[in-house]
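Input: a single structure, listed below in structure tokens.
4 protein chains.
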Amino acid sequence: MKISFKNDYSEGCHPAILQKIMDSNMEQDEGYGMDQYSRDARRFISEKIGINEEQIHFISVGTQTNLLALSALLKPYEYVIAAESGHIVYVEAGAIEAIGHKIIHLHTQPDGKIRTEDLDVFFGKMSEIHNIQIPRLLYISNTTELGGVYSKEDLQQLFAYCKRKNLLLYMDGARLGSAMTASGLTLKDIATYTDAFYIGATKNGGMMGEALVFCRPELNEGFSILQKQRGATLAKGRFLGIQFAELFRDDLYLQLAEHANKMATILADAIHAAGFDFLSVPVSNQIFPILPNIVMDRLAERYAFYPWKKIDSDFTAIRLITSWATKEENVHAFVEDLQSLT
Amino acid sequence: MKISFKNDYSEGCHPAILQKIMDSNMEQDEGYGMDQYSRDARRFISEKIGINEEQIHFISVGTQTNLLALSALLKPYEYVIAAESGHIVYVEAGAIEAIGHKIIHLHTQPDGKIRTEDLDVFFGKMSEIHNIQIPRLLYISNTTELGGVYSKEDLQQLFAYCKRKNLLLYMDGARLGSAMTASGLTLKDIATYTDAFYIGATKNGGMMGEALVFCRPELNEGFSILQKQRGATLAKGRFLGIQFAELFRDDLYLQLAEHANKMATILADAIHAAGFDFLSVPVSNQIFPILPNIVMDRLAERYAFYPWKKIDSDFTAIRLITSWATKEENVHAFVEDLQSLT
Amino acid sequence: MKISFKNDYSEGCHPAILQKIMDSNMEQDEGYGMDQYSRDARRFISEKIGINEEQIHFISVGTQTNLLALSALLKPYEYVIAAESGHIVYVEAGAIEAIGHKIIHLHTQPDGKIRTEDLDVFFGKMSEIHNIQIPRLLYISNTTELGGVYSKEDLQQLFAYCKRKNLLLYMDGARLGSAMTASGLTLKDIATYTDAFYIGATKNGGMMGEALVFCRPELNEGFSILQKQRGATLAKGRFLGIQFAELFRDDLYLQLAEHANKMATILADAIHAAGFDFLSVPVSNQIFPILPNIVMDRLAERYAFYPWKKIDSDFTAIRLITSWATKEENVHAFVEDLQSLT
Amino acid sequence: MKISFKNDYSEGCHPAILQKIMDSNMEQDEGYGMDQYSRDARRFISEKIGINEEQIHFISVGTQTNLLALSALLKPYEYVIAAESGHIVYVEAGAIEAIGHKIIHLHTQPDGKIRTEDLDVFFGKMSEIHNIQIPRLLYISNTTELGGVYSKEDLQQLFAYCKRKNLLLYMDGARLGSAMTASGLTLKDIATYTDAFYIGATKNGGMMGEALVFCRPELNEGFSILQKQRGATLAKGRFLGIQFAELFRDDLYLQLAEHANKMATILADAIHAAGFDFLSVPVSNQIFPILPNIVMDRLAERYAFYPWKKIDSDFTAIRLITSWATKEENVHAFVEDLQSLT
């Protein structure tokens, strides 16, 4: 069995979550998120942000969270802007279009971050097309799908730009823990400079589950019915509640992300020391080193990872992902094998 | 804290499932249902039915399963027929209409079962309406939402009727364990006399999860993409796989349902012995005794349950539900309290 | 060729419309409803009602108008209530469900009108169902599909009821001319006691076309984009504009409806005088006499009409429809033939 | 009033159509496309192609035709490929996404035609993205929105490519008359080398209306119900039938396009003779000359047209469109004015 750096959802979930599930298993409680654990979890998160508990919703899957959030935020004819590397663009099987909304793709720098300059280019080009509709929502991911991280300043700038253009700003937080840890962003910052976002647990210690946050009460109206209508409300909501209660009672969520980032840093430092470059500067739990094919192939015998982008006939960028569950010994093993190959 | 007979999803999940989750937690495995446990679970179920493993899909929520199945089975303009007590009619927040399909409601007998006579009445009435479209799918639930159970003979008759009318037959199996136990139906019978159905685990021992089965390979085409597009594919699919592997490796699924039915039988027998009647004959884990309001109110002080239907100014039918987790001592307590009140 | 009383769209359109189309044919004008005729037509209608011209939209087809209006008025999870005889229920091929909204069907009296008592029965029954969503819009047709007419008082009562229940009131006006003529309702009355409605021209002198009116500006927002997105905006909008300009410059619309109603009255009076009864009291351009099958069959040799409802083995209710184009000589011929048969 | 070269839908419709509408106006006929004129029109077209009449459908609006056709041809999760200049991409308000399908945009040469090389680039890039779904339909317009024309050989190549890639080939024929006239393509050729296409009348002599053709019977199944459900079926279908009957009884459709192309050729030749270049080679009724801004501004005082693309600080490409209704005297006036300015 190879050691996997393919993604951050290869293992189960953090033991503290399993322990609480065991301990509470035979308690009778209310269904559909009205149980005590879900209420606790909403309270823990709302207190960190300073919003109402009703503005927080637990959903099982990231794609589902994105499609529900955008369905709630947009009128039927409104468009979305996203980076062409954005998760909703190619890898969610057309989920956003399936609920009726066009996505306009922006070309970005290699880190996948959208900058106001990218938006300027787009709006300039758009002004030459007759009858085009104005987009209504900007979708960003933090971290991006290419490992980039939006800082507080990045968000301030983007949010101000969005308000000038009458755009809602939505943040996909599938890997929000890694972004927060890397940049020092707080949940309160995020809620200040976006209109809605989600806090991903699937890729940071949970079994499954994302916590969708609407930053203003009026955006939240009717959401619970929409969630139920689309089949996204678990009968035994306690299983989502317990996860988020454990992750946000104290700071377990950030601690897990810190481990993931640290493991990625060890890898990145060693790869850099070995003389290799990266598609973009490594700052989070996803790194994209550019390796000679011969090295890549030898590493692939013992480690699982995705080749990401062919650079030329001799070199390929690969993607390495670490997580809360990555064992430090496996990271060192990878580093040693790399060093022995170069 | 009251003892609850409100539903069959008040507790966590069966301990064997939790144990396997603990044991496998730090293993690295593939995502999106390609893990070893999901593969095992599909194999166990497919062997009981005699179909291909690819025709089995694990989905987290019953509403989601219904909407995905009907979306896959129907063209955009095709209608559904269901009993007016059917789960998709009023309590799924319009999920089926939200994916574009009209539901025509049939009035049924108090057990919620659709009989060929009910269909005859409908098709007769329909023949007088100009321009009405012909429905394409008959939705039934087994057990029904009113505790009724379709036997093998019932299904044979309905299926033959459906084929004559060019209707697909789809069975919602949220409480299929209870139905199978009550009637002796096998999974193979069901797959013979329906076009698609699901096996519910949420209400019979699981954390969450339903196993959707397409009975013929051609109905299955493209389903995995559809599931992903609608946000219904868990990254850590192992958590669904483990549940169904445990429930279907041997016969745990039926054993759990047998317990639930047995608990309901004890309740029903005692209620009958105490001289009370039922909305419909009790045969599954949902029973609907008709009690004097004064008795209902006294029982409600110690037990949680739903008043279901006002019968007259003195009597109300209530709904009592038992499950794999119902403690026999609680059933006896209920019975004794009832006896002391009458 | 039989003389047809099958419907009110068997002929072309009123000659005044054709004449204006001829006269203006080679003028160059703006597309998409920005032409001078569409602007005139919006002005004529808005002046009769006392609203902004922007709240009026010309759409080619009734089903399209209903689905666009409801799509604009409702959030994705909101329900509609309609009479089971309502046009959107069975004869629009599931158009409203296809845009995602459940329709709840009310049983009504034989004239197809919804009365507050019918709504009381429904809301009472609904209160016993767990988890049901509250509907958000009441759909009525004036005239109804069974020839009934809502008066000003009827609308006042329904509108007040709707506001208490947080329901929007929407009126399908496919045959609004006939209803206005029969009851003395004005467009201003309708705009006062509904939230949105449409004025049908297809069935009252036009080639095609319905004028959708949103009674309050905030309901109108974004509608033009929605209309374009659903493919419901004619490039040569002048052809819709000319029709409504001709019909509403003065009172041609009402004059045409008056003729239709008068023709129906001649038929109804003669049928009544011949000793026959009706499904509901004849008040508009649709009447439903109950005839002996033997009489029906003889009339069917020379006249085209729909048998509507089997009453018993000897009698059938038929539907007779008159229009702006019905020739008085054909009405008299029918009457004479009826008299000779009885 | 300026003389307009802004588009090909500024005037009414061809006099022969109006005459037939007048002549038949008071005839009683069947609704919903079952009238004699619609039947004639389907027969005339089907005979030119050699397919069944049932495979031809008359629809009022181009956007509507595109969305209905793609809705019929695609499963819910299937994607579309189009040129980024394609009509469905930016100017139909997201109509295709609104029915649930993602559109992938291809960059093309300035004439807007998709070549197999463009598809090769796309499929190559796509192979590097994990989890991306394979598109299912290639959308092309003939003429393109940039005046390009697909010849018979172009279609043969594209169609063969599509079949290798399991893509359906769909052609938007809003300006098909101009394309057929320019290239010698026949309807039979088109039906041989596409899966479905439409013949546009709105921009070539009609009031409104497009004739959608499914080239194989199995693609056609259920389409009439879908059309009705989406509100796209005119009650008085005769008005569409008369148009297509007049246009296709003989060769009026091609004669009108020939006039449009001839008018464009006069313009293009004169502009070329005056020393100006074009965005792409002028071949159809849309031409895109690149003029000095000073010339453009002077022409704009007397003629209406769209500036299309800024070339540099001194030059702009404009769009000139001619039609069946363009008066030759106006073309000559434009040419003379241009010559006097240069």
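Chains as they are written, first to last, in the working numbering: chain F, -4 to 337; chain C, -4 to 337; chain B, -4 to 337; chain Z, -4 to 337. In this text, a Cβ means the ideal position worked out from N, Cα and C, and glycines have one as well.
Beta carbon proximity, residue i to chain B, threshold 8 Å
i, result
"LEU242 (chain Z)", "no"
"ILE16 (chain Z)", "yes"
"PRO71 (chain F)", "yes"
"VAL56 (chain Z)", "yes"
"SER66 (chain F)", "yes"
Helix, strand or coil at residue i [DSSP, three-state]
i, result
"GLY236 (chain Z)", "helix"
"PHE0 (chain B)", "coil"
"SER178 (chain F)", "helix"
"ARG170 (chain F)", "coil"
"VAL326 (chain C)", "helix"
"SER5 (chain Z)", "coil"
"GLY195 (chain C)", "strand"
"LEU114 (chain B)", "helix"
"ILE99 (chain B)", "strand"
"GLU205 (chain C)", "strand"
"ILE51 (chain Z)", "strand"
"ILE109 (chain F)", "coil"
"SER146 (chain B)", "coil"
"LEU132 (chain Z)", "strand"
"LEU214 (chain C)", "helix"
"TYR27 (chain B)", "coil"
"LEU164 (chain F)", "strand"
"MET21 (chain F)", "coil"
"GLY119 (chain F)", "helix"
"VAL88 (chain F)", "Just to set this straight, residue 88 (chain F) is Ala in the shown sequence, not Val. Of the three classes helix, strand and coil, the one that applies to ALA88 (chain F) here is coil, per DSSP."
Chain F contact for residue i (CB, 8 Å cutoff)
i, result
"LEU13 (chain C)", "yes"
"GLU123 (chain Z)", "yes"
With 16 other Cβ atoms within 10 Å as the buried cut-off, status of residue i
i, result
"PRO10 (chain B)", "exposed"
"PRO338 (chain B)", "Here chain B comprises residues numbered -4 to 337, so residue 338 (chain B) is not present and cannot be evaluated."
"ARG170 (chain F)", "buried"
"GLY179 (chain F)", "exposed"
"PRO277 (chain F)", "buried"
Test: residue i CB closer than 8 Å to a CB of chain C
i, result
"ILE127 (chain B)", "yes"
"TYR4 (chain F)", "yes"
"ASP24 (chain F)", "yes"
"LEU171 (chain F)", "no"
Cβ of residue i within 8 Å of any chain Z Cβ
i, result
"LYS158 (chain C)", "no"
"LEU62 (chain B)", "yes"
"TYR74 (chain F)", "yes"
Chain-ordered neighbours of residue i on chain D, where CB pairs are closer than 8 Å
i, result
"GLY7 (chain F)", "Protein chains in the displayed structure are F, C, B and Z, and chain D is not among them."
key: Residues within the stretch 77 to 102 of chain C neighbouring chain B, beta-carbon criterion of under 7 Å   = TYR85, VAL86, ALA88, GLY89, GLU92, ALA93, GLY95, HIS96, LYS97
task = Compile a chain-ordered list of the residues in the stretch 302 to 314 of chain Z whose CB is closer than 9 Å to at least one CB of chain F.
result = PRO302, TRP303, LYS304, LYS305
key: Completely contained beta strand (DSSP E) runs for the stretch 231 to 318 of chain F, where each covers 3 or more residues   = 284 to 287, 301 to 305, 310 to 316
key: Residues within the stretch 187 to 198 of chain B neighbouring chain F, beta-carbon criterion of under 7 Å   = none
Whole runs of the beta strand (DSSP E) within the stretch 54 to 84 of chain B, excluding any shorter than 3 residues = 75 to 78
Near-chain C residues of the stretch 222 to 235 of chain Z (beta-carbon distance less than 7 Å), N- to C-terminal order = GLN224
query = Which residues, taken in chain order from the stretch 201 to 220 of chain B, show a beta carbon closer than 7 Å to some beta carbon of chain F?
reply = GLY217, ILE220
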